[in-house]
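J.: Provided herewith is a single structure, encoded as structure tokens, for subsequent inquiry.
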Amino acid sequence: MEFIETIGKLVVRYHSFFEEGIVNTLIIAAFTVFFGTIFGTLMSSMRMSKILPLKWLAVAYIEFIRGTPLMVQLMFIFYGLPMVGFTLPDISWIPNFSRFSAGIIAMSINSCAYVAEIIRSGVHAAFQSRGVDVGQMEAARSVGFSHGQAMRLVVLPQAIKNILPALGNEFVTVIKESSIVSVIGLADLMFRTNDVIALSYKSLECLAVAALIYFVLTFISSRIVSLAERKLSHGK
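Residue numbers (the numbering used here): 450 to 685.
Put into structure tokens, the structure is as follows:
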């Protein structure tokens with residue numbers, strides 16, 4: 450009971466710290482999901498392309514990014530690039546813009562590789578399960594569509610039912626993995642939780658608050674994805 454009371458007191462006293470962390474975490478996650486989806490779709494198209502150089506480039510990118518830790522990618526972008534003369538821009542009226550941009554770029558690059566594989570496997574599963582008739586691709590090509598246009602306008606809209614569950618899991622993972630940006634001094638939820646620990650000396654209680662907040666954020670996200678899945682199922 451005392452543990453719960455302590456958590457309540459921490460939330461009341463340091464709510465501004467947690468609120469700032471939540472806002473920054475959601476900003477990072479939103480931009481990561483946006484850019485990760487856009488570039489992941491593009492990378493998936495390259496991966497499935499019949500143009501071999503594009504396909505090889507996409508395969509190399511996906512395998513390299515998935516085979517290296519996000520921490521290393523973040524450190525390389527924030528600390529490594531300035532060492533070779535590439536400095537991330539800083540905007541005076543946006544606090545910590547360079548840290549935000551480094552975190553978003555690193556997480557988007559990482560998410561892009563996973564989204565690309567999710568889309569590729571979803572499209573492949575759609576063909577395997579006969580959800581998408583191979584003849585539709587041939588029909589689209591016969592009326593003048595390029596391979597990319599046929600994939601984008603004919604295949605992907607039908608394959609989205611296979612893609613959405615895994616894509617939703619990726620979005621939930623992005624929210625949890627955003628905690629890694631705290632290592633570059635970005636005031637996300639985990640960074641602000643450490644600030645509260647330093648002020649209150651209540652490590653376990655502060656971590657419990659952070660865990661509950663992450664759970665609420667991911668639970669809401671997963672419910673939204675589940676709702677979208679049901680909408681698509683009703684539209685069959």
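Here a beta-carbon is modelled for each residue, glycine too, at the ideal position from N, C-alpha and C. The structure displayed is predicted, hence computed values, not measured ones.
Which of helix, strand or coil does DSSP assign to D644?
T.: Residue mapping note: residue 644 aligns to position 195 of the sequence shown, counting from 1. Three-state result, D644: helix.
J.: List the endpoints of the continuous alpha helix (DSSP H) containing P502.
T.: Position 53 of the sequence shown, counting from 1, holds the residue named residue 502. Start and end: 501-515.
J.: If contacts are defined as beta-carbon pairs under 8 angstroms, then A562 and I511 qualify, I think. What distance do you get, rounded to the angstrom?
T.: By 1-based counting over the sequence shown, the position of residue 562 is 113. By 1-based counting over the sequence shown, the position of residue 511 is 62. Their Cβ separation, rounded to whole angstroms, is 5 angstroms, which keeps A562 and I511 in contact under 8 angstroms.
J.: Quick check: the Cα distance between L501 and I633, rounded to an integer number of angstroms?
T.: Locating residue 501 in the sequence shown gives position 52, where the first residue counts as 1. Locating residue 633 in the sequence shown gives position 184, where the first residue counts as 1. Whole-angstrom Cα-Cα distance: 38 angstroms.
J.: Quick check on the burial criterion: 16 or more other C-beta atoms within 10 angstroms. Buried or exposed for F664?
T.: On the sequence shown, residue 664 is found 215 positions in, with the first residue counted as 1. Per the 10 Å Cβ criterion, exposed.
J.: Given I662, which residues of its chain have a CB within under 7 angstroms of its CB, disregarding the five upstream and five downstream residues?
T.: As a first step, residue 662 must be located in the sequence shown, where it is residue number 213. F467, I471, L638, listed in sequence order.
J.: Where does V658 fall in DSSP's three states?
T.: Locating residue 658 in the sequence shown gives position 209, counting from the first residue. The answer is helix: DSSP assigns V658 an H, G or I state.
J.: F535: buried (16+ other C-beta within 10 angstroms of its C-beta) or exposed?
T.: One-based indexing of the sequence shown puts residue 535 at position 86. Exposed, by the Cβ-count rule.
J.: Okay, do the segment 549-559 and the segment 479-491 touch, 3+ Cβ pairs below 8 angstroms being the bar?
T.: Enough Cβ pairs lie closer than 8 angstroms, so yes.
J.: Between which two residues does the alpha helix (DSSP H) harbouring L475 extend?
T.: Translated into the one-based positions of the sequence shown, residue 475 becomes position 26. L475 -> alpha helix (DSSP H) spans 464-496.
J.: Apart from the five residues just before and just after A689, which ones in its own chain have a Cβ nearer than 6 angstroms to its Cβ?
T.: Residue 689 cannot be examined here, being either before or after the span of the chain that is shown, 450 to 685.
J.: How would you label E454, buried or exposed, when you count the other beta carbons within 10 angstroms and need 16 or more for buried?
T.: Mapped onto the sequence shown, residue 454 falls at position 5. Result: exposed.
J.: Hey, out of E469, E678, V564, L656, whose CA is closest to F452's CA?
T.: Reading the sequence shown from its first residue, position 3 is the one you call residue 452. Ranking the options by Cα distance to F452, first place goes to L656.
J.: Where does S494 land, buried or exposed, given buried means 16+ other C-beta within 10 angstroms?
T.: Against the sequence shown, residue 494 aligns to sequence position 45. Result: buried.
J.: For my contact list, I526 and S627 are in at a C-beta cut-off of 8 angstroms; report their separation, rounded to the angstrom.
T.: Here residue 526 is taken as the residue at index 77 of the sequence shown, counted from 1. Here residue 627 is taken as the residue at index 178 of the sequence shown, counted from 1. In fact, because the Cβ distance is near 15 angstroms, the residues do not count as touching under 8 angstroms.
J.: Could you have a look at F620 and say whether DSSP puts it in helix, strand or coil?
T.: Start at 1 with the first residue of the sequence shown, and residue 620 comes out as number 171. Residue state, collapsed to three classes: helix.
J.: Consult DSSP for V521 and reduce its assignment to one of helix, strand or coil.
T.: For the purposes of this step, residue 521 is identified with residue 72 of the sequence shown, where counting begins at 1. Correct three-state label for V521: helix.
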